[in-house]
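Structure record follows, encoded as structure tokens.
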Amino acid sequence: MEGKFEPLVLAFCCNYCPSCSADLAGSAKMQYPSNIRIIKVPCIGTVGTIHILKALENGADGVCLMGCLEGKCEYSSGNYRARKRVQYVKNLLGKLSIEKERLEIYNISAAEARKFCEIAREVTETVRSLGPIPLKIDNSKI
Amino acid sequence: MIVGQQKDFEEIKKMISSYNRILVLGCQTCVAVSFAGGMREVEILASMIRMDRKMAGQDIEIIEDATLRQCDFEFIDSVENLVDDCDVVLSLACGVGVQALAERYPDKVILPGLNTSFMGLTEKMGVWSERCAGCGNCILDKTGGLCPIARCSKGLLNGPCGGSMDGKCEISSDVDCVWQLIIDRLRALNQLEKLEEIFPIKDWDVSGHGGTRKIIREDLTA
Ligand code: SF4
Ligand code: SF4
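The listed protein sequences correspond, in order, to chains A and B.
Numbering follows the working numbering, with no gaps: position 41 of the first sequence is 115.
Numbering follows the working numbering, with no gaps: position 12 of the second sequence is 13.
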């Protein structure tokens, strides 16, 4: 990719609150960076280590997980599990000398459209400042 | 079941450094339960190895698979084509599985991706602990179903020792004194009198001290 680096960030969003906040942001015509590509999942706890690694292996410069607020998981503890899993995958990234900041997890309620946009901007800027993921992949194909 | 733990990534990297076509072969039985060597872990490790090689600018091809049970020849015969097709096999089974592969495929280098830790059980999700040391002469009938050989830090047969305090072992306040557990359980079962029997010196021959152990059942052999 020539010129300015535009990061690709994959956001796994729980189908409940976080996806609603994204929809709300859209219907309220709020802006958030188009660098964020959303994949809806039934619960953030369903996102496995392999899904995060495959995303990074196949071209994402960063990955974020968006789950419901703590204590509000529809399946009781999916968002707590996801938080622990993110920590685990951060350690794996450390073993690969890939910056741990490329992976983050957030909790968000259905009404927080503004917060959704802020997170999207924050994640994009963090990954932008880190630069492309140090894997030899042609990002333009994605 | 056999409980294992994946080796450190650095150690695995070193082992496979001279190979470019690797079969990462898990086992879907014991070590899958301890989240160390099932298909899930094969995929994760393969992804990490590929990323690592990409960053080093080195080519690698990884074949990913898992046998149902790597410690049985009939289950590893089915991966013959995959084994033939690679430079090296990185096995994520326990040491028994690794050796079964090495025996079946004598021309192939087979590497262990796991440390085989112990025979034990899942206490709860994410926690495994040792229960049996395979002593070859089980005494659980005398100890309320709790094994002092595997679970007493000193392997005492006539415990507890003087270091037992408030139900904990003297090596650490995190470790239960199994002899305390044995006494509690025998009391609950109304079998405290079992403790009056003094264990004689145990015969450790059947425990591997008489050489590699083998069992032969003539009625079953061909
Ligand atoms: S190889 Fe056999 S003993 Fe080892 S983990 Fe697999 S099933 Fe269990
Ligand atoms: S007494 Fe021997 S066979 Fe029985 S559980 Fe303990 S180590 Fe295993």
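Each residue gets a CB set at the ideal place from its N, CA and C atoms; glycine is no exception.
Just curious, the alpha helix (DSSP H) that residue i is in, first and last residue?
i: Trp180/B; result: Val179 to Ala189
i: Gln100/B; result: Gly96 to Arg105
i: Tyr90/A; result: Looking at the DSSP string, Tyr90/A is not in any alpha helix (DSSP H), and its letter there is neither H nor E.
i: Gln6/B; result: Note, Gln6/B: premise wrong, no alpha helix (DSSP H); beta strand (DSSP E) at Ile3 to Gln7.
Nearest chain B C-beta to residue i closer than 8 Å, yes or no?
i: Ile124/A; result: yes
i: Pro81/A; result: no
i: Glu131/A; result: yes
i: Leu166/A; result: yes
i: Pro206/A; result: no
i: Leu209/A; result: yes
i: Lys128/A; result: yes
i: Lys45/A; result: Residue coverage of chain A in this structure runs from 75 to 216, which leaves residue 45/A outside it and unanswerable.
i: Lys169/A; result: yes
i: Met75/A; result: Because the pLDDT of Met75/A is 47, which lies under 50, any placement of that residue in the model is unreliable, and the number read from its coordinates should be weighed accordingly. So no, Met75/A is outside the interface.
Taking 8 Å as the cut-off, decide whether the C-beta atoms of residue i and residue j are in contact.
i: Cys88/A; j: Ala184/A; result: no
i: Leu177/A; j: Val137/A; result: yes
i: Leu143/A; j: Asn109/A; result: no
i: Ala37/B; j: Gln6/B; result: yes
i: Phe119/B; j: Asn159/B; result: no
i: Lys158/A; j: Lys174/A; result: no
i: Tyr149/A; j: Gly119/A; result: yes
i: Met49/B; j: Leu170/A; result: yes
i: Val32/B; j: Leu112/B; result: no
i: Ile179/A; j: Leu127/A; result: no
i: Ala129/A; j: Phe190/A; result: no
i: Tyr106/A; j: Arg195/A; result: yes
i: Ala85/A; j: Ile112/A; result: yes
i: Arg186/B; j: Gly121/B; result: no
i: Asp177/B; j: Gly168/B; result: yes
i: Ala99/A; j: Ala156/A; result: no
Return no unless some Cβ of chain A is closer than 8 Å to the Cβ of residue i.
i: Phe10/B; result: yes
i: Ile216/B; result: no
i: Asp66/B; result: no
I need the boundaries of the beta strand (DSSP E) containing residue i, first residue and last residue.
i: Val89/B; result: Val89 to Ser92
i: Phe200/B; result: It is not in any beta strand (DSSP E) - Phe200/B carries neither H nor E in the DSSP assignment.
i: Asn221/A; result: It is not possible to answer for residue 221/A, since the shown part of chain A is limited to 75 through 216.
i: Asn82/B; result: No beta strand (DSSP E) holds Asn82/B; the alpha helix (DSSP H) holding it covers Glu81 to Asp85.
i: Ile61/B; result: Segment: none, Ile61/B is in no beta strand (DSSP E) and carries neither H nor E.
Review point. If you measure beta-carbon to beta-carbon, which residues of the segment 91-121 of chain A are closer than 7 Å to chain B?
Key: none
Exercise for review: Assess, as a yes-or-no matter, whether the segment 96-105 of chain B is touched by the segment 121-138 of chain B under the definition of 3 or more beta carbon pairs within less than 8 Å.
Suggested key: no
Review point. Using Cβ-Cβ distances below 8 Å, what residues of the segment 25-58 of chain B are close to chain A?
Key: Arg41, Glu44, Ile45, Ser48, Met49, Arg51, Met52, Asp53, Lys55, Met56 and Gly58
Check your understanding: With contact counted as at least three CB pairs below 8 Å, one residue from each stretch, are the segment 131-150 of chain B and the segment 203-217 of chain B in contact?
Key -> yes
Practice item. Tell me, please, whether the segment 81-93 of chain B touches the segment 19-26 of chain B by the rule of three or more beta-carbon pairs shorter than 8 Å. Key: These segments touch.
Practice item. Determine, using beta-carbon pairs with one atom in the segment 89-98 of chain B and one in the segment 2-17 of chain B, whether at least three such pairs fall under 8 Å. Key: yes
**Study point:** Segment contact, 8 Å Cβ cut-off, at least three pairs: the segment 11-18 of chain B with the segment 139-148 of chain B
**Key:** Cβ pair count under 8 Å is below three, so no.
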